[in-house]
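Chains as they are written, first to last, in this note's numbering: chain E, 1 to 115; chain F, 116 to 454.
Take a look at the structure below.
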């Protein structure tokens with residue numbers, strides 16, 4: 001059974017069946033512990049309001065964090081890189097084809113030189 | 116494999132799960148105590164994380180009105196299960212990994228991302244701007260440290276493979292053939308650099324200072340976990356504890372796999388007990404230098420500084436380590452060592 005189900009890349013290997021078995025055992029223990037905890041709370045009270053350091057909740061649209069901020073850390077940390085990279089994305093297909101051909105030519109030269 | 120063997124495997128997994136939880140909470144307690152002493156405080160007793168967890172289980176489990184309830188409640192359980200699961204693939208003391216024949220270090224690397232993804236899912240499901248910002252920062256942090264982590268994993272396995280070790284990504288092979296023992300002087304420097312890189316990744320994996328931007332109590336009021344309470348928060352606390360033990364076990368397995376029983380002749384059970392104590396000692400030392408000392412000595416990085424740190428500085432340092440390992444393979448036959 002193992003030989004049939006273990007995924008082997010030649011270097012790495014993984015058997016999803018035993019992964020599921022391990023997850024099931026850990027899951028049972030986790031759920032047992034979870035079931036030991038207190039289940040309830042006072043529904044419909046201020047407990048359910050979001051914690052905003054005591055401030056009243058503004059309209060939801062105003063406090064919604066947009067997904068565009070997801071990569072803010074990267075954009076800010078590698079600002080120098082993006083400052084050069086973004087202007088290259090002109091939206092003109094001719095530019096992209098030129099880049100594609102130029103890079104392909106470069107790779108061909110590299111492959112020929114290092115063969 | 117027979118049903119009896121599968122049942123035995125499941126029993127081992129259950130025992131390891133309990134060990135992951137207890138050991139993780141113990142290591143967290145030691146970390147808090149050591150940090151307190153370094154700050155000239157008495158600090159909480161070592162058993163404090165156990166007390167905290169029990170107390171959390173007794174508290175009300177509030178689900179905020181803005182939350183997505185099923186995802187909000189499922190995320191902590193998924194985080195705990197995935198944190199514990201990693202330990203099944205890692206050797207603990209002289210015990211080889213329970214599922215070691217069914218997954219390798221690359222799998223461990225990927226499994227380590229699952230608890231973080233569960234945290235992110237829980238944060239986004241909280242419906243709180245603090246938690247959303249925390250979740251976004253966690254995503255960025257995770258993407259930032261994955262590359263240097265991959266450098267360490269591939270560097271160690273590649274060097275073992277170059278030394279003729281079969282299945283170099285398997286943790287049994289890595290533990291049975293310490294990477295230090297197959298390298299020459301250049302390789303030793305390379306391995307040491309990779310150890311430093313992995314130690315620098317550990318606080319980020321554990322969301323500890325200086326890489327706790329996603330929780331950042333003073334800034335985001337708890338960030339990802341701001342809306343969590345009761346048993347949901349207890350699950351995240353246990354997941355964090357298990358992950359602490361898991362990360363220590365990974366560093367020990369890859370870089371310090373020696374056991375006392377290899378050096379001292381002891382009867383079977385005593386040898387296993389001694390190896391287990393020695394493993395815990397190694398885990399405490401690893402966490403002291405990688406987590407406790409760092410979090411006491413440093414302030415929090417901003418998220419953009421964190422990305423620069425991992426993607427630029429640490430990646431370059433890690434690649435330098437790999438270059439040294441490659442140079443070691445080239446120089447090895449000349450010096451008569453390492454291959």
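Backbone N, C-alpha and C fix where the C-beta goes; we use that ideal spot for every residue, glycine too.
Asked, Found
"Against chain F: residues of the segment 73-99 of chain E by CB proximity under 8 Å", "73, 74, 76, 77 and 78"
"Counterpart residues of residue 7 (chain E) in DSSP-defined beta bridges", "E:14"
"Residue 363 (chain F) classed as buried or exposed, judged by whether at least 16 other C-beta atoms fall within 10 angstroms", "buried"
"Nearest-angstrom beta carbon gap, residue 148 (chain F) and residue 161 (chain F) [assumed within contact, 8 Å]", "5 Å"
"Alpha-carbon spacing of residue 424 (chain F) relative to residue 366 (chain F), whole angstroms", "20 Å"
"Partners in chain E for residue 179 (chain F), counting only beta-carbon separations shorter than 7 Å", "48 and 50"
"Cβ pair residue 182 (chain F), residue 238 (chain F) closer than 8 Å", "no"
"Amino acids of chain E, ordered along the chain, whose beta-carbon sits closer than 9 Å to that of residue 176 (chain F)", "37, 38, 39, 40 and 41"
"Residue environment, residue 251 (chain F), which counts as buried when at least 16 other CB atoms sit within 10 Å", "buried"
"DSSP-derived helix/strand/coil call for residue 352 (chain F)", "helix"
"Cβ-based neighbour list, residue 132 (chain F), same chain, cut-off 6 Å, excluding 5 preceding and 5 following", "199"
"Residue range of the alpha helix (DSSP H) that includes residue 121 (chain F)", "118-153"
"Residue 393 (chain F) classed as buried or exposed, judged by whether at least 16 other C-beta atoms fall within 10 angstroms", "buried"
"Per-residue DSSP class, three states only, for residue 131 (chain E)", "Because residue 131 (chain E) is not part of the residues shown, which for chain E are 1 to 115, the question remains open."
"Interface partners of residue 422 (chain F) on chain E, CB under 9 Å", "73, 74, 76, 77 and 78"
"Cβ neighbour criterion (16 or more within 10 Å) applied to residue 14 (chain E)", "buried"
"Three or more C-beta pairs below 8 Å linking the segment 255-268 of chain F and the segment 293-312 of chain F", "yes"
"Beta-carbon neighbours of residue 350 (chain F), restricted to chain E and to distances below 9 Å", "30, 33, 34 and 37"
"Cβ shell of residue 353 (chain F) (< 7 Å), same chain only, five flanking positions each side left out", "136, 168 and 195"
"Residue 431 (chain F) (DSSP reduced to helix, strand or coil)", "helix"
"Any chain F beta carbon closer than 8 Å to residue 27 (chain E)", "yes"
"Given 8 Å, three or more beta-carbon pairs between the segment 42-54 of chain E and the segment 173-191 of chain F", "yes"
"Straight-line gap, residue 454 (chain F) to residue 234 (chain F) (C-alpha atoms, nearest Å)", "Any answer about residue 454 (chain F) is weak, because its pLDDT of 45 lies below 50 and its placement is not dependable; what the coordinates show is given next. If I take the Cα positions, the gap works out to 43 Å."
"Cβ-based burial, residue 154 (chain F) [other Cβ within 10 Å; buried from 16]", "exposed"
"Residues that residue 168 (chain F) bridges to, as DSSP identifies them", "According to DSSP, which records beta bridges pairwise, residue 168 (chain F) is partnered with nothing at all."
"Continuous alpha helix (DSSP H) assignments of at least 4 residues falling wholly in the segment 389-433 of chain F", "408-412 and 418-422"
"Straight-line gap, residue 404 (chain F) to residue 257 (chain F) (C-alpha atoms, nearest Å)", "21 Å"
"Range of the contiguous alpha helix (DSSP H) that encloses residue 239 (chain F)", "228-240"
"Chain E residues whose Cβ lies nearer than 9 Å to that of residue 368 (chain F)", "Simply none; closest approach about 16 Å."
"Spatial neighbours of residue 407 (chain F) in its chain, beta-carbon cut-off 8 Å, leaving aside the 5 residues before and after", "146, 149, 150 and 153"
"Limits of the alpha helix (DSSP H) - the one that residue 262 (chain F) falls within", "244-277"
"Close-in-space but distant-in-sequence residues of the same chain around residue 61 (chain E) (CB under 7 Å, 5 per side omitted)", "none"
"Candidates E:5, E:79, E:18 and E:83, of which the one nearest residue 120 (chain F) by Cα", "E:18"
"Proximal residues, the segment 9-23 of chain E versus chain F, C-beta separation under 7 Å", "11, 12, 13, 14, 15, 18, 19, 21, 22 and 23"
"Test item: CB-CB of residue 390 (chain F) and residue 298 (chain F) under 8 Å", "no"
"Contact under 8 Å by Cβ, residue 50 (chain E) with residue 342 (chain F)", "yes"
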